[in-house]
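Peer 1:
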Amino acid sequence: MKKNVSKIRVIYADTDAMGIVYHTNYIKWFEIGRTELLRDMGIYYAVFESRGYNLPLTKAYCHYLLPARYDQVLLIETEIEYVKRASIKFNCVIWDEKQEKKLVEGYTIHA
148 MKKNVSKIRV IYADTDAMGI VYHTNYIKWF EIGRTELLRD MGIYYAVFES RGYNLPLTKA
208 YCHYLLPARY DQVLLIETEI EYVKRASIKF NCVIWDEKQE KKLVEGYTIH A
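Numbering (the numbering used here), first residue to last: 148 to 258.
1) Thinking just about the alpha-carbon of each residue, which of V240, S234 and V251 is nearest to the one in P203?
2) Could you tell me which of K175, K206, Y192 and Q219 sits nearest to A258, measuring between CA atoms?
3) For V240, which option in N201, T162, D218 and Y173 has the closest C-alpha, if you only look at C-alpha atoms?
4) Mapping the DSSP letters down to three states, classify E226 as helix, strand or coil.
5) Where do the ends of the alpha helix (DSSP H) carrying E178 lie?
6) Nearest-angstrom Cα distance between D161 and E247?
7) Helix, strand or coil for D163 per DSSP?
8) For N238, count the other beta carbons within 10 Å of its own beta carbon; 16 or more makes it buried, fewer makes it exposed. Which is it?
9) Report yes if the CB atom of R232 is closer than 9 Å to the CB atom of G166, and no otherwise.
10) Please state whether DSSP places V194 in a helix, a strand or coil.
11) Please report the distance separating the alpha-carbon of K249 from that of I227.
12) Per DSSP, what kind of secondary structure is R232 in: helix, strand or coil?
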């Protein structure tokens, strides 16, 4: 299936007292990847919702491998694993800028 790679830079507000990215921000970044992947496919949330459709999150999983830090450039790689009658699964991997280190991997399911 189609894949999207989005680039972001970690801002100071995304970090915690230890100087690393606070864990919930990765789920937020999964949403950025998902939104950009759908946009690449010509599917815009606003249009989707205006037609009476929604994609509520029913499950989120995130495996933290390495920490991200302030001002680090990250790549969010997102792809659709499956589309079923009433659900869709997006897989996400967050890499360092050179795609040498996998920082996080996970998925979200929407139904």
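Even for Gly, the Cβ is constructed at its ideal location relative to N, Cα and C.
Peer 2: Based on what the coordinates show:
1) If we check each option's Cα against that of P203, S234 comes out closest.
2) When only C-alpha atoms are compared, the closest one is K206.
3) Looking at the Cα atoms, Y173 is the closest of the given residues.
4) In the structure shown, the three-state DSSP call for E226 is strand.
5) In the DSSP assignment, E178 falls within the unbroken alpha helix (DSSP H) covering T171 to D187.
6) Straight across, the Cα-Cα distance linking D161 with E247 is about 22 Å.
7) Reduced to three states, the DSSP call for D163 is coil.
8) Buried.
9) No, the Cβ-Cβ distance between R232 and G166 is not below 9 Å.
10) Under the three-state reduction of DSSP, V194 is assigned to helix.
11) Distance between the alpha carbons of K249 and I227 is about 19 Å.
12) In this structure, R232 counts as coil in the three-state DSSP scheme.
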